[in-house]
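Residue numbers (mature numbering (1 follows the signal peptide of the UniProt record, and there is no 0)): -23 to -1, 1 to 920.
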């Protein structure tokens, strides 16, 4: 759009300059003082390559290179003189690569006869607009756009009363309200004004009512306009173009009656026009471009839209339009682009849209359109892009879609299309241009032959995923056939049964996703050859039993998870970054060659039958500081033995280390605290033993969010989302919460859990645990804890699950626990608790199982009633608790801010050392921001 505006303005200027230059006598010399002024102006600037050629498709030329003192200045490039006195009346130095600043004493302002001045596309950074521009009283055309000018626009600009065209856009300029009022009041001849990407935050929109009635072009896009836009401007008698694009705080509405004007371009996209589209829009007979996207428009589309027979561009996307789209496109013969996406349209797709003969772009995606695609059409011969995804379309995919001679992008994903895909017919003498085809997430079925696909010779991206009845087979007569230009091939969650080796000659293929299919057996060495540029290979969730050779020599991602692979670990390619081969039946030891993968970021070998020790060879990662280094190591659920290799301390980028469910025999790896980015440490269900020392100093675990040491052999004595992981691989762990083991498929960075369960802990629960105000899950079950439940637990305002079962706790249930309004699971069973069960707030919703095995408890929901002497007392104030908490044991901030999961027998840390200062350092953070998010999220959920 900006390009069209610029072309319009520059065309106006250039044609005027040309007429004057042609009328100049060939022998006439310009005035010496003006030649001198121009040369002095030139000397104030250095030259560079202008960006105009990239931004506006205009050739950048150093026009001042032709300026020579020994030649007539009227013949210099960019200079125009009159034909009588030799005065310089026009200066066009746009896109000339000028770098410098325009000073108030510039010789430019001595050219009093200037009528046209264009300095657009140069760089006058950090300089303001000199007030001396007001001296150039003869100016009719002034363009200072895209020159990096700053500051306020001087009020002297309003003295240029002869101005017909003014462009100050693409700068860092501001208007004062008073100065702007002076400008629109004094410039009575103004026809074109462009102030894009400036700031009018100080200007009241009703000031626009003072614009002259002769205004033809008004562009205020990306302008920071605020308030109500006066609808009267739409009625200006000569207004042809109005552009208010991307002013999100500008409110307005389109005229509903008596709207007839010569408008040819109307763009209010990215504003707030909450009313509907009026039927009066049909009166704009000259309208060529209508852009109403992202304006909060509501209601239905008037059938009067079909009256805009000169329309070439139509965009009403990303609004709240609803109802049936009127089938009124038959007369829009010039329409080249239409976008109705991201609305709430329903009903049948308008069939007349398929007969448009000039259309190059069509997008009706993300609506609720129903019906079927037509069996044949008469138009769309120039269509390049067709987007109908995320609707409710049914029926078959017609073959004519693949025969459109100009079609490059076809996206029909996430509909209800069914049945087989019609055969692809090559049109006569036409080479198919289709480069991107997406039919994923439908109900397509049948068998696609490879010899049919290879007809799409220019195809670069193909996605047929999530059509679980669709299969792909190779033709017997296409031994040498392939898709020569294919880059991405997605066939996930379909019914493919063989590896598509016919693609191994596709030299540009980078992404191959065949996950969740029915591919059995092995990938042979022959099938694994080729694949020269393959970077991502996803064969997860199939039935592969072996891989003789991994396809691709330069793989970045290899995903073989959830197959039936047997034997030893396949040797990965040297440049691999994601090695994912979990949930298979692989055995043997982990080779030390794994440490030679200098680019390795994620290593997931979990849920196999790997044995032996973890190789102590991770030093190599420390020697590769310039490449992506190891972030995740997941070896859980194998048969690994020995100890944790201390060479892991060299993996400075390590965030996740999961060694759970193995046979590792070691003490607590306190030295892992030196890793600055370690967020998740899971050592559960191994044979870790001994005390966890009360160390301090550098072992801080400063970034830890989750630690799980549960189900080990530690012996102790008494005393409304960001996830961990990247775009492809998301880390997951098992935590015990709400009474069962839960797999967290994605670890929320704010998730906060303590799991001390199933160890041999003794002693009492420290009252300081009540300061862990970000906790969501607290599990101390299956230990030998004694003493009372500390009332301070009632301050865990975010707690959802509390499990203290199977211990030796005694005394009453603190009334303070009834303050836990988010608590959904409570288990205090199998202890020595006594007294009445509190019933305040929602405590009466917990079942009998929450309290069984406590012979001294009485009251609902238990069948045992209480006597008067067992009535609970009012809860004591907890204000004094805060002052009693020793500063040396301030674990209050544990997990604040980024969240922490302590799923460990970490109680041994607490109960052995009493006041673990190292843990305090590890988890000290501020809880306030996270608690606000937590309460806000639950509030929305309840609503």
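Cβ coordinates follow ideal geometry from the N, Cα and C atoms, glycine included.
On a predicted model such as this, the values are computed, not experimentally measured, just so you know.
Asked                                                                                                                             : Found
Residue burial classification, residue 215 (beta-carbon count within 10 angstroms, cutoff 16)                                     : exposed
Rounded straight-line distance, which links the Cα of residue 765 to that of residue 809                                          : 10 Å
Residue range of the beta strand (DSSP E) that includes residue 58                                                                : 56 to 58
Helix, strand or coil at residue 154 [DSSP, three-state]                                                                          : helix
Beta carbon of residue 185 nearer than 8 Å to that of residue 210                                                                 : yes
Paired residues, beta bridge with residue 203 - DSSP                                                                              : 226
Chain-order list of residues whose beta-carbon lies under 6 Å from that of residue 661 (same chain, five-residue window excluded) : 637, 685, 687 and 688
Close beta carbons around residue 646, own chain, < 6 Å, minus the five adjacent residues each side                               : 621
Best match in 767, 840, 745 and 773 for proximity to residue 751 [C-alpha to C-alpha]                                             : 773
Close Cβ partners of residue 535 (< 7 Å) along its chain, the five nearest in sequence each way excluded                          : 514, 527, 549, 553, 555, 556 and 557
Residues bridged to residue 778 (per DSSP)                                                                                        : 754 and 802
Closest residue to residue 797 among 594, 836, 820 and 785 (Cα-Cα distance)                                                       : 820
Nearest-angstrom Cβ-Cβ length linking residue 93 and residue 117, presumed shorter than 8 Å                                       : 7 Å
Check whether residue 335 and residue 355 have beta carbons under 8 Å apart                                                       : no
Whether residue 419 touches residue 392 by CB criterion (8 Å)                                                                     : yes
Cβ neighbours of residue 613 in the same chain (closer than 6 Å, five flanking residues each side left out)                       : 583, 635, 637 and 638
Assigned secondary structure, residue 787 (DSSP; H/G/I helix, E/B strand, else coil)                                              : strand
C-alpha gap between residue 257 and residue 223, whole angstroms                                                                  : 23 Å
Backbone CA spacing between residue 629 and residue 607 [nearest angstrom]                                                        : 8 Å
Close Cβ partners of residue 593 (< 6 Å) along its chain, the five nearest in sequence each way excluded                          : 622 and 624
Inter-residue Cα distance where the pair is residue 361 and residue 308                                                           : 21 Å
Of the listed residues 192, 73, 115 and 105, nearest to residue 87 (C-alpha basis)                                                : 115
Segment limits, beta strand (DSSP E) that includes residue 338                                                                    : 338 to 340
As assigned by DSSP and simplified to three states, the class of residue 623                                                      : helix
Under 8 Å between C-beta atoms of residue 442 and residue 399                                                                     : no
Rounded distance between the beta-carbons of residue 511 and residue 524, thought under 8 Å                                       : Incorrect: roughly 14 Å between the Cβ atoms, too far for contact.
Collapsed DSSP secondary structure at residue 175 in the structure displayed                                                      : coil
Cutoff 6 Å; reference residue 221; Cβ partners in own chain excluding five residues on either side                                : 197, 245 and 248
Closest by C-alpha distance to residue 472, when choosing among 801, 447 and 463                                                  : 447
Host beta strand (DSSP E) of residue 586 (start-end)                                                                              : 586 to 590
C-alpha gap between residue 740 and residue 786, whole angstroms                                                                  : 10 Å
Residue(s) in a DSSP beta bridge with residue 566                                                                                 : 588
Nearest neighbour of residue 363, chosen from 348, 340 and 26 [CA to CA]                                                          : 340
Rounded separation between residue 423 and residue 368 - CA only                                                                  : 22 Å
Nonlocal neighbours in the same chain, by C-beta distance under 8 Å from residue 562, ignoring five residues either side          : 541, 542, 543, 585 and 586
Three-state class that DSSP yields for residue 325 in the structure shown                                                         : strand
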